[in-house]
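Note that the working numbering has the sequence shown beginning at 182, numbered continuously upward.
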Amino acid sequence: MRLKAPTPDPRAASVLLAALVVGWAILARQTSEHWWWVATLDLIPPQLLLPLFALLAWLAWRAGQLRWAAWNVLAAAAFVVVQVGLVLPSERPVVSAPITLLSLNTLDASADPGRIAQLARREGADVVVLQEALFKDRPQETYAARVRAAFPGWSTAHQGELLTLTRLPLLESRPLRFPQTGHVLLVTRLQTRTGEVTVVNVHLPTLALLTDINRPGEPRALPGRVAWRLHLRRELPGAVSQVQATAPGAVVLVGDMNAPARGELHRLLRATGLRDAFVQAGAGFGFTYAARLGFLRLDYTWGDGVVFTAARALPEVLSDHRPLLVRFGLHPGTTSSSVRQP
Numbered sequence: 182m183r184l185k186a187p188t189p190d191p192r193a194a195s196v197l198l199a200a201l202v203v204g205w206a207i208l209a210r211q212t213s214e215h216w217w218w219v220a221t222l223d224l225i226p227p228q229l230l231l232p233l234f235a236l237l238a239w240l241a242w243r244a245g246q247l248r249w250a251a252w253n254v255l256a257a258a259a260f261v262v263v264q265v266g267l268v269l270p271s272e273r274p275v276v277s278a279p280i281t282l283l284s285l286n287t288l289d290a291s292a293d294p295g296r297i298a299q300l301a302r303r304e305g306a307d308v309v310v311l312q313e314a315l316f317k318d319r320p321q322e323t324y325a326a327r328v329r330a331a332f333p334g335w336s337t338a339h340q341g342e343l344l345t346l347t348r349l350p351l352l353e354s355r356p357l358r359f360p361q362t363g364h365v366l367l368v369t370r371l372q373t374r375t376g377e378v379t380v381v382n383v384h385l386p387t388l389a390l391l392t393d394i395n396r397p398g399e400p401r402a403l404p405g406r407v408a409w410r411l412h413l414r415r416e417l418p419g420a421v422s423q424v425q426a427t428a429p430g431a432v433v434l435v436g437d438m439n440a441p442a443r444g445e446l447h448r449l450l451r452a453t454g455l456r457d458a459f460v461q462a463g464a465g466f467g468f469t470y471a472a473r474l475g476f477l478r479l480d481y482t483w484g485d486g487v488v489f490t491a492a493r494a495l496p497e498v499l500s501d502h503r504p505l506l507v508r509f510g511l512h513p514g515t516t517s518s519s520v521r522q523p
C-alpha cells in the first residue's frame, strides 16, 4: 500500500510572509531615504513575492484549511494595492481649459527629438518636461538645440540636463539649488487661460552603488557617496516648499525621482501638500520603468492647487523610461499654499 505524502502546513509560513511584507512597508515609508539598505531593498519589484502568496494559498486549499487559503488571497490583494501600487479606477473630475503635460527621461539624450515632438502633437501636450537631455559622450553637440528645432514656436527653459518646453506663455525660468548638496531643479512659471502655474522639473539620482557614476562634488567612497545621495534626495521636499511659498499660483512637480511610490520620499512630499497625479487620476500600476517591460513607477507628477483628470504611462518606447502623460486644471481663485487636497 502506497503512503500519501503529508501536505505541508502553510499556517506558520503564511503568518511569516504577512509579517515580512508589513515590516517592509513600514520600513520603506519611514526610513527608505535614510537607510541605504532599505532604499536598495525598496527598488526590488515587490510583485516578485506574489507567487509565494499563491503557493501558500494553494497549499492551504490542498490541506483543507480554507480560512488560511482565503487569508493568503486577501493578503495578496492588499499587498498588490499597498506595496505594488495598484490604483483602482475612479470617477474623474471635469475641468475647464485642461493643461496637458508630457514628461520623459531621455536616457542621456538618446530619445529622438522628432518622435518626442510627434508624441506631443498627438497627445495635444502644452508642456514637455525632459530629463537627461544632455549628451555625455558628445559635449560639443547640443541635444537641447535638436529638441528646440523639433518644437518650432515653443518656448524653452534649459538648465544642465533638464529641459522644459511649452507652447504656453513662459513668464519666468530659473534654477533652484539645494542648499547643502547643490543639486539643481528647473523652475518655470507659465501663464494659462485660468491662471499661472509653476512647473518644477526634477531628476533625482539613484543611490550610486556602482563606482563609475560619481557626480562632481560628491564623495568617491561608496558609503559616503550613498549617504550624500540620500541626503540630496531628502532636500527635495524643502526645496518644493520654498517654491510653494513664493509661487503666485499652482505648483506642479514633475520628473524622474528614482524612488518607488511606497517609500519615504512619497510620504515627505505629501506632507508639503502635494498630491500624486497617478494616485488621483490614474488606473492600474502606472509603471514607467523599464520601457519595454515595466515593473517600477519612478516618474511622477505632483501638484498643489491643481485638479488632475488623467495620468498614465504611454506605451511608446523612446528611452529606458516610458513617457508620462498627465492632464490637469487649476483651482480657480487659489494660490498654491491655500489648497490642500484630501
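No residue lacks a Cβ here, since even glycine has one placed at the ideal position from N, Cα and C.
This one's a predicted model, so the numbers in the text were calculated from it and none came from an experiment.
Measure how close the beta-carbons of residue i and residue j come, nearest whole angstrom, since I'm counting them as under 8 Å.
i	j	result
Val308	Thr345	7 Å
Val276	Phe459	The pair is not a contact, with the Cβ atoms about 17 Å apart (cut-off 8 Å).
Arg164	Val498	It is not possible to answer for residue 164, since the shown part of the chain is limited to 182 through 523.
Val424	Leu357	7 Å
Val383	Leu434	6 Å
Asp457	Asn286	About 18 Å; that fails the 8 Å criterion.
Leu411	Ala220	7 Å
Ala292	Phe332	Not confirmed; about 13 Å, so no contact.
Distance check for residue j and residue i, CA to CA, integer angstroms please.
i	j	result
Leu343	Leu352	18 Å
Ser517	Leu371	Unreliable placement is indicated for Ser517, whose pLDDT of 42 sits below 50; the coordinate value is still reported in the next sentence. Straight-line Cα distance between these residues: approximately 14 Å.
Glu399	Phe476	30 Å
Met182	Leu208	With a pLDDT of only 46 at Met182, under the threshold of 50, the placement of this residue in the model should not be trusted, and no figure is reported.
Tyr324	Ala258	44 Å
Thr279	Gly510	Reading off the sequence shown, one finds Pro at residue 279, where the question assumed Thr. Spanning the two alpha carbons is a distance of roughly 5 Å.
Ala244	Ala200	22 Å
Trp409	Leu283	30 Å
Arg415	Trp239	42 Å
Glu304	Arg327	21 Å
Ala290	Gly341	12 Å
Leu349	Ser336	8 Å
Thr469	Pro496	9 Å
Ala464	Pro270	5 Å
His215	Thr362	15 Å
Would a check of beta-carbon distances place residue i closer than 8 Å to chain D?
i	result
Phe260	The chain inventory of the structure shown lacks chain D, comprising one protein chain alone.
From what residue to what residue does the alpha helix (DSSP H) around residue i run?
i	result
Tyr324	324 to 331
Thr212	192 to 212
Ser422	417 to 427
Phe234	231 to 243
Thr387	Segment: none, Thr387 is in no alpha helix (DSSP H) and carries neither H nor E.
Thr221	217 to 223
Arg508	No alpha helix (DSSP H) holds Arg508; the beta strand (DSSP E) holding it covers 505 to 511.
Exposed or buried, which one is residue i when buried takes at least 16 other CB atoms within 10 Å?
i	result
Pro523	In this prediction, Pro523 has a pLDDT of 38, which is less than 50 and means its spatial position is unreliable; nothing more can be read from the coordinates.
Ala330	exposed
Ala492	buried
Pro360	exposed
Pro404	exposed
Asp318	exposed
Arg521	Unreliable positioning characterises Arg521 in this predicted model, as indicated by a pLDDT of 40, which lies under 50. The coordinate reading is nonetheless provided below. Its Cβ having fewer than 16 others within 10 Å, Arg521 is exposed.
Ser500	buried
Val262	exposed
Leu247	exposed
Gln312	buried
Leu255	exposed
Glu445	buried
Arg503	buried
Starting from residue i and walking both ways along the beta strand (DSSP E), at which residues does that stretch end?
i	result
Ser284	280 to 286
Thr347	343 to 347
Pro294	No beta strand (DSSP E) contains Pro294, which is instead part of the alpha helix (DSSP H) from 294 to 304.
His339	336 to 340
Asn382	376 to 384
Asp485	480 to 485
Val254	Unbroken run through Val254 is the alpha helix (DSSP H), 247 to 260; no beta strand (DSSP E).
Leu351	351 to 358
Gln264	Here Gln264 belongs to no beta strand (DSSP E), and DSSP marks it neither H nor E.
Val365	365 to 373
Can you find at least 3 beta carbon pairs, one from the segment 383 to 390 and one from the segment 188 to 206, that sit closer than 8 Å? Contact fails between the segment 383 to 390 and the segment 188 to 206, because fewer than three Cβ pairs, one in each stretch, are under 8 Å apart.
How about the segment 468 to 487 and the segment 442 to 458: do they share at least three Cβ pairs that are nearer than 8 Å? yes
Measuring CB atoms only, is the segment 220 to 230 touching the segment 435 to 444, in the sense that at least three cross pairs come out at less than 8 Å? yes
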